[in-house]
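Colleague: Mapped onto numbering that gives the first Met the number 0, the consecutive letters of the sequence shown carry residue numbers 0 to 175.
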Amino acid sequence: MAQLLEPKRTRPRDTAHYAESTARENLIEHVFLGALLRGLWRKNVRDLEVLRPEVDSGGYDLALEFRGLTRHVQLKSSYRGARRAEVTASVKLLERPSACILWLFFDPETLSLGPFLWFGGAPGERMPLLGEKIARHTKPNAMLKKADRPAHRVIAKSRFTTLETIDQVIQKLVGV
0 MAQLLEPKRT
10 RPRDTAHYAE
20 STARENLIEH
30 VFLGALLRGL
40 WRKNVRDLEV
50 LRPEVDSGGY
60 DLALEFRGLT
70 RHVQLKSSYR
80 GARRAEVTAS
90 VKLLERPSAC
100 ILWLFFDPET
110 LSLGPFLWFG
120 GAPGERMPLL
130 GEKIARHTKP
140 NAMLKKADRP
150 AHRVIAKSRF
160 TTLETIDQVI
170 QKLVGV
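Right, here's the structure in full:
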């Protein structure tokens, strides 16, 4: 009986993606905002405000304000080829009108963005329920047990909608 080989996992060659993950997340956020604002500029839209929370307790990374609509956006990121099948999000997002989760995929060599995964409603609508699966901490405690994070839920990749371009992201975010 022939044994099927599992395809090799695609991993970035540069260990900085792991060792300096916070810096990489910040960089990806800036690349995304640049692409978003550039895309809006091409559409002759110049009145989007980008707001950032002072502390990370509201469940979102950015608030985008556009013509009376405020979108609270939780950003997630993965390199293209990553096998991550789910992300976690704070239940506090459900309290925010027009909240959404945007999962950014990027090229590990060039940091170019796309595709994008979208979880949210139309502009002005509430996001879908996150689900019932409670997230766990990624690091174990002193007793080597990963504790539950009762205020966070696990959302499967299959629940997201794939968007190929920044223009599709703009349409989902603000409707233009």
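For every residue, glycine included, the Cβ atom is placed at its ideal position computed from N, Cα and C.
1. Tell me whether the stretch 121 to 131 and the stretch 54 to 62 touch, counting them as touching only if at least three CB pairs, one residue from each stretch, are closer than 8 Å.
2. How many angstroms separate the CA atom of residue 105 from the CA atom of residue 74?
3. When you compare each of 43, 24, 147 to residue 136 by their alpha carbons, which one comes out closest?
4. I need the straight-line Cα distance from residue 47 to residue 103, nearest angstrom please.
5. Counting along the chain, where does the alpha helix (DSSP H) carrying residue 26 start and finish?
6. Answer with buried or exposed for residue 145, where buried requires no fewer than 16 other C-beta atoms within 10 angstroms of its C-beta.
7. Could you tell me which residues DSSP puts in a beta bridge with residue 119?
8. Go ahead and label residue 76 buried or exposed: buried means 16 or more other beta carbons lie within 10 angstroms of its beta carbon, across all protein chains shown.
9. Nearest-angstrom Cα distance between residue 98 and residue 36?
10. Among residues of its own chain, excluding the 5 on either side of residue 165, which ones have a beta-carbon nearer than 6 Å to its beta-carbon?
Modeller: Once the coordinates are examined:
1. At 8 Å Cβ cutoff, the stretches do not touch.
2. Position 106 of the sequence shown, counted from the start, is the residue given in the question as residue 105. Position 75 of the sequence shown, counted from the start, is the residue given in the question as residue 74. Going from the Cα of residue 105 to the Cα of residue 74 covers about 13 Å.
3. Taking the sequence shown and counting its residues from 1, the one referred to as residue 136 is at position 137. Of 43, 24, 147, the residue nearest in Cα terms is 147.
4. Mapped onto the sequence shown, residue 47 falls at position 48. Mapped onto the sequence shown, residue 103 falls at position 104. Between residue 47 and residue 103, the C-alpha separation is close to 20 Å.
5. Counted from its first residue, the sequence shown places residue 26 at position 27. Segment 20 to 41, the alpha helix (DSSP H) holding residue 26.
6. Translated into positions along the sequence shown, residue 145 becomes position 146. Per the 10 Å Cβ criterion, exposed.
7. Within the sequence shown, numbered from 1, the residue matching residue 119 stands at position 120. Answer is 99, bridged to residue 119.
8. One-based indexing of the sequence shown puts residue 76 at position 77. Residue burial annotation: residue 76 is buried, with at least 16 other C-beta atoms found within 10 angstroms of its C-beta.
9. Position 99 of the sequence shown, counting from 1, holds the residue named residue 98. Position 37 of the sequence shown, counting from 1, holds the residue named residue 36. About 19 Å.
10. Translated into the one-based positions of the sequence shown, residue 165 becomes position 166. Once the five neighbours on either side are set aside, the close Cβ partners of residue 165 are 34, 38.
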